[in-house]
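Peer 1: This is the structure I want to talk about, given as structure tokens.
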Amino acid sequence: MAILIDKNTRMVVQGITGREASMIVSHTLSYGTKIYAGVTPGKGGQFVQGVPVYDTFAEAVRNHQVNASLIVVPPAFTLDAVLEAIANGIKLIVVTTENIPQHDVVKLLYMAKKEKVTIIGPNTVGLINPKDRIKMGSIGGDRPERCFVPGNVGVISRSGGMTAETSWMVKRAGFGVSTSVGIGGDSLIGTTIKDLLALFEQDDETEAVVTYSEPGTSFEEDAAQFLKEGGFTKPLISFISGKFTESMPEGTVFGHAGAMISGNVGRPSLKVKALREAGTHVVERFDDMIHVLQSVLDVKVGEAK
Numbered sequence: 001m002a003i004l005i006d007k008n009t010r011m012v013v014q015g016i017t018g019r020e021a022s023m024i025v026s027h028t029l030s031y032g033t034k035i036y037a038g039v040t041p042g043k044g045g046q047f048v049q050g051v052p053v054y055d056t057f058a059e060a061v062r063n064h065q066v067n068a069s070l071i072v073v074p075p076a077f078t079l080d081a082v083l084e085a086i087a088n089g090i091k092l093i094v095v096t097t098e099n100i101p102q103h104d105v106v107k108l109l110y111m112a113k114k115e116k117v118t119i120i121g122p123n124t125v126g127l128i129n130p131k132d133r134i135k136m137g138s139i140g141g142d143r144p145e146r147c148f149v150p151g152n153v154g155v156i157s158r159s160g161g162m163t164a165e166t167s168w169m170v171k172r173a174g175f176g177v178s179t180s181v182g183i184g185g186d187s188l189i190g191t192t193i194k195d196l197l198a199l200f201e202q203d204d205e206t207e208a209v210v211t212y213s214e215p216g217t218s219f220e221e222d223a224a225q226f227l228k229e230g231g232f233t234k235p236l237i238s239f240i241s242g243k244f245t246e247s248m249p250e251g252t253v254f255g256h257a258g259a260m261i262s263g264n265v266g267r268p269s270l271k272v273k274a275l276r277e278a279g280t281h282v283v284e285r286f287d288d289m290i291h292v293l294q295s296v297l298d299v300k301v302g303e304a305k
């Protein structure tokens with residue numbers, strides 16, 4: 001099994017005729033994922049690598065019964081694209097766009113929550129389910145199988161590039177992933193670590209989850225509280241990057257827009273403390289994930305016997 005995407009996912013790409021979208025479409029189709037339709041106003045009737053393009057989202061829904069949308073449009077048009085997808089009944093939307101005006105992000109997240117729509121991103125590489133060979137977004141590039149192999153470990157990453165690296169650590173440990181999700185590096189995103197842990201808890205085939213975190217936001221602290229409340233009971237292995245940032249001037253942005261410390265919010269040391277107190281296996285070095293994951297899952301298998 002997996003979370004969010006599987007063989008029943010019928011994807012549409014909004015902004016499919018753009019240069020970036022065309023590259024993503026090429027890699028996605030090569031991986032074996034089916035894209036049912038694309039939407040670009042004014043480009044209806046065209047085909048992008050065999051995928052039919054429509055002027056409106058309603059046409060794509062009517063002709064192909066799509067149920068998930070990948071949004072690859074410029075920042076100024078992202079809000080309209082999300083609202084159009086929501087208006088047409090889509091319940092999973094992956095927003096790759098970065099540098100969206102914050103007031104637009106607030107609006108689209110508000111509407112998504114109101115309509116019970118799952119938003120991955122903004123500013124995300126997307127997500128991948130290797131077992132069903134389906135991916136949404138640029139995740140994995142043109143050769144996803146290098147890092148993403150089927151298995152029973154969930155992966156959650158704030159960083160797009162480190163989504164692949166973290167999944168590769170899982171592979172090096174001798175395991176594979178059920179679903180890998182890049183949640184996006186912005187401070188305002190639709191789906192947090194806590195949200196995904198709740199989904200992985202319900203997935204029978206996910207035996208453990210590995211997370212890659214950065215400075216900024218309270219996502220890890222919220223996840224720790226969720227663990228303390230019993231919301232997630234499976235092994236959780238976490239790496240918190242950027243410990244050096246605590247010696248830098250407050251308010252400095254490190255890479256992603258959400259990677260900023262303000263007061264006691266976003267400090268790696270406090271994230272580590274909260275997660276450890278909640279029972280998480282927090283590793284000091286990134287590649288420590290390998291032997292910790294091996295140890296945790298070996299214990300789990302032994303107990304099952």
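Per UniProt numbering, residue 1 is the first one in the sequence shown, and the count goes up by one each step. No residue lacks a Cβ here, since even glycine has one placed at the ideal position from N, Cα and C.
#1: Check whether the region 190–199 touches the region 168–177, taking contact to mean three or more Cβ pairs, one atom from each stretch, closer than 8 angstroms.
#2: Within the same chain, show all residues whose beta-carbon is closer than 7 angstroms to that of residue 71, passing over the 5 residues directly before and after it, in chain order.
#3: Hey, quick one: how far does the alpha helix (DSSP H) through residue 22 stretch, first residue to last?
#4: Taking the beta carbon of residue 145 as the centre, do at least 16 other beta carbons fall within 10 Å, making it buried, or is it exposed?
#5: Closest by CA to residue 10, which one among 30, 37 and 112?
#6: What residues match up with residue 150 in a beta bridge as DSSP calls it?
#7: Check residue 47 in the structure and name its three-state DSSP category.
#8: For residue 100 and residue 188, what's the separation of their Cα atoms in angstroms?
#9: Over the uninterrupted alpha helix (DSSP H) stretch that includes residue 102, give me the two end residues.
#10: Count the other CB atoms within 10 Å of the CB of residue 186; is the residue buried (16 or more) or exposed (fewer)?
#11: Alpha carbons only, please: which of 182, 174, 230 and 220 is nearest the one belonging to residue 292?
#12: Is residue 27 closer than 8 angstroms to residue 132 when the C-beta atoms are compared?
#13: So, at 7 angstroms on beta carbons, what are the nonlocal neighbours of residue 125 in its own chain, with the 5 sequence-adjacent residues on each side left out?
#14: Which partner residues does residue 155 have in the DSSP bridge list?
#15: At the level of alpha carbons, what is the spacing between residue 52 and residue 113?
#16: With DSSP as the reference, identify every bridge partner of residue 118, one or two as the case may be.
#17: Assuming the contact rule is C-beta atoms closer than 8 angstroms, residue 237 and residue 213 should be a hit. Round their C-beta distance to whole Å, please.
#18: Per DSSP, what kind of secondary structure is residue 202 in: helix, strand or coil?
#19: Just to confirm the assignment, what range does the alpha helix (DSSP H) spanning residue 1 have?
#20: Taking 8 angstroms as the CB-CB limit, is residue 267 close to chain D?
#21: Using the three-state DSSP reduction, which class does residue 230 fall into: helix, strand or coil?
#22: Going by CA-CA distance only, name the one from 24, 129 and 32 that's closest to residue 5.
#23: Nearest-angstrom Cα distance between residue 178 and residue 65?
#24: Are the region 45–59 and the region 104–123 in contact at 8 angstroms, needing three or more beta carbon pairs?
#25: How big is the Cα-Cα spacing for residue 215 and residue 268?
#26: Let's test the definition: count the other Cβ atoms within 10 Å of the Cβ of residue 258 and tell me whether it reaches 16, buried, or not, exposed.
#27: Looking only at C-alpha atoms, which of 8, 47 and 32 sits nearest to residue 22?
#28: Within 10 angstroms of its Cβ, does residue 33 collect 16 or more other Cβ (buried), or is it exposed?
#29: Measure the beta-carbon distance from residue 148 to residue 180 and round it to whole angstroms, keeping in mind my assumption that it falls under 8 angstroms.
#30: Tell me which residues share the same chain as residue 256 and place their Cβ nearer than 6 angstroms to its Cβ, disregarding the 5 neighbours each side in the sequence.
#31: Rounded to whole angstroms, what is the Cα-Cα separation between residue 230 and residue 297?
#32: Following a CB-centred definition, is residue 172 positioned closer than 7 angstroms to any heavy atom of the ligand GTP?
Peer 2: Straight from the coordinates:
#1: No, they do not touch.
#2: Within the sequence shown, residue 71 is the residue found at index 71, counting from 1. Closer than 7 angstroms at Cβ, skipping near neighbours: 14, 15, 78, 81, 82, 93, 94, 95, 96 and 97.
#3: The residue you call residue 22 lines up with position 22 of the sequence shown. Its alpha helix (DSSP H) spans residues 19–31.
#4: Counting from one through the sequence shown, the residue named residue 145 turns up at place 145. Exposed is the call here.
#5: The count along the sequence shown starts at 1 and reaches residue 10 at position 10. Of 30, 37 and 112, the smallest CA-CA separation from residue 10 is found for 37.
#6: Position 150 of the sequence shown holds residue 150. Bridge partners of residue 150: 177.
#7: Working through the sequence shown from its first residue, we reach residue 47 at position 47. Of the three classes helix, strand and coil, the one that applies to residue 47 here is strand, per DSSP.
#8: The residue you call residue 100 lines up with position 100 of the sequence shown. The residue you call residue 188 lines up with position 188 of the sequence shown. For residue 100 and residue 188, the distance between alpha carbons rounds to 10 angstroms.
#9: Position 102 of the sequence shown, counting from 1, holds the residue named residue 102. Per DSSP, residue 102 belongs to the alpha helix (DSSP H) from 102–114.
#10: Translated into positions along the sequence shown, residue 186 becomes position 186. Classification of residue 186: buried, given that the 10 Å Cβ count is 16 or more.
#11: Along the sequence shown, one-based indexing puts residue 292 at 292. That would be 174, whose Cα lies nearest to the Cα of residue 292.
#12: Numbered from 1 along the sequence shown, position 132 holds the residue referred to as residue 132. Numbered from 1 along the sequence shown, position 27 holds the residue referred to as residue 27. No; because the gap between Cβ atoms is not below 8 angstroms, this pair is not in contact.
#13: On the sequence shown, residue 125 is found 125 positions in, with the first residue counted as 1. The residues are 137, 138, 139, 160, 163 and 182.
#14: As a first step, residue 155 must be located in the sequence shown, where it is residue number 155. Paired residue(s): 180 and 210.
#15: Stepping through the sequence shown from its first residue, residue 52 is reached at position 52. Stepping through the sequence shown from its first residue, residue 113 is reached at position 113. Distance between the alpha carbons of residue 52 and residue 113 is about 30 angstroms.
#16: Indexing the sequence shown from 1 puts residue 118 at position 118. Note: residue 118 sits in a beta bridge opposite 92.
#17: In the sequence shown, the residue the question calls residue 237 occupies position 237. In the sequence shown, the residue the question calls residue 213 occupies position 213. At roughly 11 angstroms, the Cβ-Cβ gap does not stay under 8 angstroms, so residue 237 and residue 213 are not in contact.
#18: On the sequence shown, residue 202 is found 202 positions in, with the first residue counted as 1. If DSSP states are grouped into helix, strand and coil, residue 202 belongs with the helices.
#19: Walking along the sequence shown from the start, residue 1 turns up at place 1. First-last for residue 1: undefined, no H or E at that position.
#20: Checking the listed chains, one finds no chain D in this structure; it contains a single protein chain.
#21: If you number the sequence shown from 1, residue 230 lands on position 230. In this structure, residue 230 counts as coil in the three-state DSSP scheme.
#22: Counting from 1 along the sequence shown, the entry for residue 5 is found at position 5. With respect to the C-alpha of residue 5, the residue from 24, 129 and 32 having the closest C-alpha is 129.
#23: One-based indexing of the sequence shown puts residue 178 at position 178. One-based indexing of the sequence shown puts residue 65 at position 65. So the alpha carbons of these two residues sit roughly 26 angstroms apart.
#24: Output reads no: the region 104–123 does not touch the region 45–59.
#25: One-based indexing of the sequence shown puts residue 215 at position 215. One-based indexing of the sequence shown puts residue 268 at position 268. Computed Cα separation, rounded: 6 angstroms.
#26: Looking up residue 258 in the sequence shown gives position 258. Any reading at residue 258 must be qualified, since the residue scores a pLDDT of 48, below 50, and its modelled position is unreliable; the value itself is stated next. Counting of Cβ neighbours within 10 angstroms places residue 258 among the buried residues, the total reaching 16 or more.
#27: As a position in the sequence shown, residue 22 is number 22, starting the count at 1. For the residues 8, 47 and 32, the minimum Cα distance to residue 22 belongs to 47.
#28: Taking the sequence shown and counting its residues from 1, one reaches residue 33 at position 33. Buried, since its Cβ has 16 or more Cβ neighbours within 10 Å.
#29: Position 148 of the sequence shown, counted from the start, is the residue given in the question as residue 148. Position 180 of the sequence shown, counted from the start, is the residue given in the question as residue 180. About 6 angstroms separates the two Cβ atoms, so the contact holds.
#30: Counting from 1 along the sequence shown, the entry for residue 256 is found at position 256. Any reading at residue 256 must be qualified, since the residue scores a pLDDT of 49, below 50, and its modelled position is unreliable; the value itself is stated next. Apart from the 5 residues on each side of it in sequence, residue 256 sits with its Cβ closer than 6 angstroms to the Cβ of 185 in its chain, given in chain order.
#31: In the sequence shown, counting from the first residue as 1, residue 230 sits at position 230. In the sequence shown, counting from the first residue as 1, residue 297 sits at position 297. Taking the straight line from one Cα to the other gives about 20 angstroms.
#32: The ligand GTP is absent from the structure shown, which contains no ligands of any kind.
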